[in-house]
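Those letters in the sequence shown? Residues 13 to 185, by our numbering.
So the structure is just underneath, and the comments pick up after that.
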Amino acid sequence: MNSSAEPVLNIRHSNISDAEQIYTVVRDAFSREEEAALVAAVRQAGEAVIELCAFLADELVGHVLLSPIRIEPHVDLNCLGIAPVSVLTRLHGNGVGSALMGRAIEEARGRSVDAIFLLGAPAYYQRFGFQRTHIGNEYGATDAFLVLELEKGCLAATEGTARYVSAFSDTGV
């Protein structure tokens with residue numbers, strides 16, 4: 013084995029021992045505490061459905077969290093929201109975020125999720141199949157509120173407002 017080889021990116025489910033490193037990565041990625049506190053709050057409430065960490069060697073360098081989304085008035089669909097996706101600033105543009113997104117979508121498919129929502133930059137997230145949605149959201153976002161229908165057409169006849177778990181409003185994110 014070549015000792016000068018680049019470390020391989022490893023993505024796995026988070027565990028409790030990752031919490032401090034996750035906080036550090038999320039804080040670095042957003043240059044503030046709010047998103048890191050949100051991740052901790054969602055986890056503490058037991059509402060992290062999918063939580064993945066990306067490692068280079070033994071260093072945690074990226075993180076993604078998916079939690080339930082409900083559409084009101086009540087719509088009987090299994091929906092998740094991606095928030096946040098975090099990568100250490102020094103590694104932006106190196107494929108860590110793309111790898112996390114790909115794995116998160118794969119995991120959601122395996123759990124029979126109907127749709128995944130997110131609030132983010134359309135130019136970035138469209139590469140994963142996300143598109144603008146007619147479903148409203150509690151933030152009043154339009155162009156930046158996106159959906160990926162894993163069950164094609166599941167939202168076609170749906171009207172309503174997507175709502176994230178309470179930790180989002182409780183932490184002000």
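Idealized CB from N, CA, C, for every residue including glycine.
- Taking a contact to require three or more Cβ pairs closer than 8 Å, the region 79–89 and the region 161–173 qualify as touching.
- Of the candidates Q56, E45, A41, the residue whose Cα lies closest to the Cα of V76 is A41.
- Distances from the alpha-carbon of A60 to those of E45, R44, S26 put S26 closest.
- Runs of alpha helix (DSSP H) with 4 or more residues, each lying fully within the region 129–153, are found at 134–137, listed in chain order.
- Each of N106, S98, G107, I128 was checked against the Cα of L92, and the nearest Cα belongs to I128.
- When rounded, the separation of the alpha-carbon atoms in L112 and C65 is 8 Å.
- Under a 10 Å Cβ-count criterion, Y151 is classified as exposed, with fewer than 16 other Cβ atoms of the shown protein chains found around its own Cβ.
- About 5 Å separates the beta carbon of L50 from that of T183, a gap short enough to meet the 8 Å contact definition.
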